[in-house]
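A quick write-up on the structure given underneath.
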């Protein structure tokens with residue numbers, strides 16, 4: 001039976017205060033010094049402040065909507081994907097490296113690097129050890145239709161190398177998902193009924209193949225997403241559009257176990273920083289699922305959000321494991337405090353919020369918006385009520401006003 005994380009931890013963690021129902025606050029009057037750590041608690045008392053955005057270039061064409069955004073591992077820049085098949089990189093404005101943040105909205109950001117792919121981009125990922133102080137690590141991988149996996153330079157967008165996959169007819173096939181290992185030495189790519197693992201130091205077609213159809217514990221289908229377990233470098237999880245979540249280990253042959261009770265297709269999976277909990281989302285689903293992988297039969301309470309399309313709506317978890325932020329198709333961003341499931345949401349965009357990324361070290365949140373809309377032919381130019389509203393934009397928000405130092409960390 002489903003239960004909340006707070007209820008699940010009551011037996012393992014001491015009580016630190018009473019929850020004030022409906023107030024969004026947690027009192028800590030009874031807390032002792034041993035129960036408090038030097039991590040940040042998202043108090044959810046104030047709405048984030050808009051610091052900077054970029055949209056003028058993308059509002060000229062409503063079809064050029066964003067399809068996600070991802071902070072670099074060192075937090076110096078942000079990578080975006082648009083429907084025009086271009087990956088754009090934006091530097092974090094210099095004014096945002098120090099606190100307090102400016103009160104006025106900064107001038108629009110412009111991309112410093114653009115990398116165009118030939119067709120629709122399936123997935124993209126930063127090199128996990130990327131640091132602006134080490135040029136060799138400044139790169140990201142991209143997978144697009146009818147193309148090999150490209151490793152692109154984050155300084156100028158040039159192609160560094162390619163990783164190629166072929167089917168039994170020796171035809172080039174493109175992965176629908178990709179993920180680096182924790183140290184960046186391997187690149188995991190997902191296809192129809194199989195996974196290929198490349199050594200990042202050896203470009204070309206040499207790879208290790210894991211065939212899902214040969215594994216009795218796994219499920220077949222297109223691998224839609226891959227995630228590495230941060231607590232164990234040899235373990236990873238895959239999600240498929242057929243609705244299964246399968247757990248793998250490089251030490252063991254094949255999958256360890258699978259969860260296949262989901263019918264809408266898995267769109268994103270992500271581990272908590274401790275590696276004990278797996279968060280996942282489905283297409284056109286109003287919930288985020290949570291599984292305790294130590295006892296994979298234990299499913300915790302779902303997190304609700306508004307998603308009424310098949311579009312991938314990203315969520316992200318803060319590096320301390322305290323807060324989850326998720327987009328929605330109604331323009332709202334929801335913050336969920338994971339130790340007690342208190343939440344707050346605010347209206348970030350006038351269109352679907354498909355990208356949601358928490359900065360790795362600063363109290364900043366990046367969001368991107370836009371979605372595909374059907375073309376409506378209307379002969380009545382005077383009727384503005386039926387006009388389709390769209391917003392293709394990237395925004396960076398300040399979260400410093402909703403953070404308070406001192407909390408008990410349940411993760």
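Numbering (the UniProt record's numbering), first residue to last: 1 to 411. Even glycine gets a Cβ: it sits at the ideal position worked out from N, Cα and C. Since this is a predicted model, take the numbers as computed values, not measurements.
Would you tell me roughly how many angstroms separate the C-alpha atoms of residue 64 and residue 156, rounded to the nearest one? Rounded to whole angstroms, the gap between the alpha carbons of residue 64 and residue 156 is 22 Å.
Going by DSSP in three states, residue 212 sits in which element: helix, strand or coil? In the structure shown, residue 212 sits in a helix (DSSP, three-state: H, G or I).
Sorted by chain position, which residues of the same chain lie with C-beta nearer than 6 Å to residue 389's C-beta, five sequence neighbours on each side aside? Cβ within range, chain order: 350.
Would you say the region 94-108 touches the region 116-124, given that touching needs at least three Cβ pairs under 8 Å? Contact fails: fewer than three Cβ-Cβ distances are below 8 Å.
Which of the three DSSP states is assigned to residue 342 in this structure? DSSP places residue 342 in coil when its eight states are reduced to three.
Quick check on residue 200: does DSSP put it in helix, strand or coil? Note: residue 200 maps to coil in three-state DSSP.
Could you spell out where the beta strand (DSSP E) holding residue 282 opens and where it closes? From DSSP, the beta strand (DSSP E) with residue 282 extends over 277-282.
Could you tell me the alpha carbon to alpha carbon distance between residue 227 and residue 270, rounded to whole angstroms? Computed Cα separation, rounded: 6 Å.
Can you tell me which of 363, 309, 306 puts its alpha carbon nearest to the alpha carbon of residue 322? Looking at 363, 309, 306, the one whose alpha-carbon comes closest to that of residue 322 is 363.
Here's the rule I'm using: 16 or more other beta-carbon atoms within 10 Å means buried, otherwise exposed. How should residue 158 be labelled? Under this definition residue 158 is an exposed residue.
Evaluate the contact criterion for the region 304-311 versus the region 328-336: three or more CB pairs, one atom per stretch, below 8 Å. The answer is yes - the region 328-336 touches the region 304-311, with three or more Cβ pairs under 8 Å.
Option nearest residue 62 by Cα separation, candidates 82, 92, 72: Of the candidates 82, 92, 72, the one whose C-alpha sits nearest the C-alpha of residue 62 is 82.
Whole-angstrom Cβ separation of residue 395 and residue 348, contact assumed at under 8 Å? About 7 Å; that satisfies the 8 Å criterion.
Please return the same chain residues whose Cβ sits closer than 7 Å to the Cβ of residue 74, not counting the five positions on each side in sequence. Closer than 7 Å at the Cβ level, and outside the excluded window around residue 74, lie 130, 131, 132.
Could you give the first and the last residue of the continuous beta strand (DSSP E) run that contains residue 130? DSSP places residue 130 in no beta strand (DSSP E); its state is neither H nor E.
Does the distance from the CB of residue 328 to the CB of residue 313 come in under 8 Å? Yes, Cβ-Cβ distance for residue 328 and residue 313 is below 8 Å.
Which two residues bound the contiguous beta strand (DSSP E) that contains residue 54? According to the DSSP assignment, residue 54 belongs to the beta strand (DSSP E) that extends over 49-54.
Top-ranked residue by Cα proximity to residue 142, from 95, 194, 85, 103: Out of 95, 194, 85, 103, 85 has the C-alpha closest to the C-alpha of residue 142.
Is it buried or exposed, residue 116, if we count other Cβ atoms within 10 angstroms and call 16 or more buried? Exposed: under 16 other Cβ atoms inside 10 Å.
Assign residue 329 to one of three DSSP states: helix, strand, or coil. Assignment of residue 329 by DSSP, reduced to helix, strand and coil, places it in the coil class.
Taking Cβ to Cβ, would you say residue 203 is nearer than 8 Å to residue 190? No, Cβ-Cβ distance for residue 203 and residue 190 is not below 8 Å.
Start-end ranges of the beta strand (DSSP E) lying completely within the region 145-184, minimum 3 residues: Entirely contained in the region 145-184, the beta strand (DSSP E) runs reaching 3 residues are, in chain order, 149-153, 159-163, 177-180.
Beta-carbon contacts of residue 276 that lie in its chain and below 7 Å, excluding the five residues immediately before and after: For residue 276, where only same-chain residues beyond five positions count, the Cβ hits under 7 Å are 292, 293, 294.
Would you say residue 195 and residue 223 are within 8 Å of each other, going by their C-beta atoms? Taking a C-beta distance under 8 Å as the contact criterion, residue 195 and residue 223 qualify as a contact pair.
Need the endpoints of the beta strand (DSSP E) that residue 70 sits in, please. Residue 70 -> beta strand (DSSP E) spans 66-71.
If we count the other Cβ atoms within 10 Å of its Cβ and call it buried at 16 or more, is residue 243 buried or exposed? By the 10 Å Cβ count, residue 243 comes out buried.
Could you name the residues of the same chain whose beta carbon sits closer than 7 Å to that of residue 166, not counting the 5 residues immediately before and after it, in chain order? Here the set comprises 172, 173, 205.
Check for me: the beta strand (DSSP E) holding residue 115 runs from which residue to which? Element bounds for residue 115: 113-116.
Would you say residue 222 faces chain C, with C-beta separation under 8 Å as the test? Although the question refers to chain C, the structure presented lacks it and comprises just one protein chain.
Using only alpha-carbon positions, find the residue among 283, 76, 368, 160 that is nearest to residue 325. For the residues 283, 76, 368, 160, the minimum Cα distance to residue 325 belongs to 368.
Minimum length 3: unbroken beta strand (DSSP E) runs contained in the region 60-110: Fully enclosed beta strand (DSSP E) runs of 3 or longer: 66-71, 77-82, 86-91.
Need the endpoints of the beta strand (DSSP E) that residue 228 sits in, please. Where residue 228 is concerned, the enclosing beta strand (DSSP E) stretches over 223-228.
State yes or no: is the C-beta of residue 232 within less than 8 Å of the C-beta of residue 266? Contact annotation: residue 232 and residue 266 have beta-carbon atoms that are not nearer than 8 Å.
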